[in-house]
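Participant: Sequential numbering of the sequence shown, starting at 501, is according to this note's numbering.
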Amino acid sequence: MKKALLFILLISAITGTSSAQLKKASVKDLAFMAGTWTLKHEWGDMEEFWGPPMGDNMVSTFRCVKDGKIVFYEFMAIEQTGNIPVLKLRHFNKGSIGWEDKDKPYLMTAVKIDKDQVVFQSLDKNVIITYKRTGPLKMDCILDEKGKDGKWKKDVFNYTLRK
């Protein structure tokens with residue numbers, strides 16, 4: 501019973517936080533993200549795969565490899581939660597060692613969706629991830645993070661669609 505109540509409160513918090521900015525959206529609005537996206541970056545070679553929307557969700561895998569060795573992995577799922585898509589993210593070190601607790605993925609709600617663009621914001625409002633399709637073969641992933649010093653840092657990942 502406690503778990504059910506916590507789940508209901510969490511969903512209420514997620515949809516309540518988002519609904520002030522985004523009233524209704526569907527995972528299907530994010531089909532522009534589908535594909536295998538790659539780039540060479542100072543952190544390493546990156547690959548992010550997004551499957552197309554299927555039912556009420558999309559899934560993604562990400563990997564960053566430097567000098568032939570894994571730096572880290574990510575598994576992401578975007579699930580329809582009420583009227584709002586919610587990004588659920590998990591990070592992993594080499595050996596599939598998770599960063600997040602097993603029952604607490606990092607949650608980010610969609611706060612804005614336009615044609616070929618979605619903005620996700622963490623519940624604590626310290627992280628914003630924007631996916632923006634900039635051309636037939638290009639998509640930017642923009643990571644804005646608020647540091648402990650209160651200053652925002654921006655990283656832009658310019659992906660190319662692998663054919």
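For glycine and all other residues, C-beta sits at the position ideal for the given N, C-alpha and C.
Residues in the same chain with beta-carbon distance under 7 Å from residue 520, minus the five sequence neighbours each way, listed in chain order, please.
Facilitator: In the sequence shown, the residue the question calls residue 520 occupies position 20. In this predicted model, residue 520 has a pLDDT of only 45, less than 50, meaning its place in the structure is not dependable; the value taken from the coordinates is given anyway. For residue 520, where only same-chain residues beyond five positions count, there are no Cβ hits under 7 Å.
Participant: Grab me the residues of residue 620's own chain with a C-beta within less than 6 Å of its C-beta, minus the 5 sequence neighbours each way, in chain order.
Facilitator: Here residue 620 refers to the residue found at position 120 when the sequence shown is read from its first residue. So the list reads 587, 608, 610 and 629, once near-sequence residues are dropped.
Participant: What does DSSP give as the partner residue(s) for residue 560 in the beta ladder?
Facilitator: As a working mapping, residue 560 is identified with position 60 in the sequence shown. In DSSP, residue 560 forms a bridge with 550 and 576.
Participant: Residues in its own chain within less than 8 Å of residue 506 by CB, not counting five upstream and five downstream?
Facilitator: On the sequence shown, position 6 is the one that residue 506 refers to. Below a pLDDT of 50, predicted positions are generally treated as unreliable, and residue 506, at 35, falls in that range; no measurement from the model is reported.
Participant: With residue 639 and residue 632 assumed to form a contact (beta carbons below 8 Å), what rounded beta-carbon distance in angstroms separates them?
Facilitator: Stepping through the sequence shown from its first residue, residue 639 is reached at position 139. Stepping through the sequence shown from its first residue, residue 632 is reached at position 132. So it is a contact: roughly 7 Å between Cβ atoms.
Participant: Looking at C-beta atoms only, is the number of pairs between the stretch 523 to 534 and the stretch 553 to 563 that lie closer than 8 Å three or more?
Facilitator: yes
Participant: Quick one: give me the first and last residue of the beta strand (DSSP E) that residue 608 is part of.
Facilitator: Mapped onto the sequence shown, residue 608 falls at position 108. Taken as a continuous stretch (DSSP letters only), the beta strand (DSSP E) holding residue 608 covers 606 to 614.
Participant: Smallest Cα separation from residue 603: which of 589, 596, 525 and 544?
Facilitator: As a first step, residue 603 must be located in the sequence shown, where it is residue number 103. Nearest C-alpha to residue 603: 589.
Participant: Would you call the CB atoms of residue 583 and residue 523 closer than 9 Å?
Facilitator: Here the question's residue 583 lines up with position 83 in the sequence shown. Here the question's residue 523 lines up with position 23 in the sequence shown. Against a cut-off of 9 Å, the Cβ pair of residue 523 and residue 583 comes out as a contact.
Participant: Is residue 589 helix, strand or coil by DSSP?
Facilitator: Position 89 of the sequence shown, counted from the start, is the residue given in the question as residue 589. Strand at residue 589.
Participant: Please work out which residues of its chain come closer than 7 Å, Cβ to Cβ, to residue 605, disregarding the five sequence neighbours upstream and downstream, and give them in chain order.
Facilitator: For the purposes of this step, residue 605 is taken as residue 105 along the sequence shown, with counting starting at 1. Once the five neighbours on either side are set aside, the close Cβ partners of residue 605 are 588, 589 and 590.
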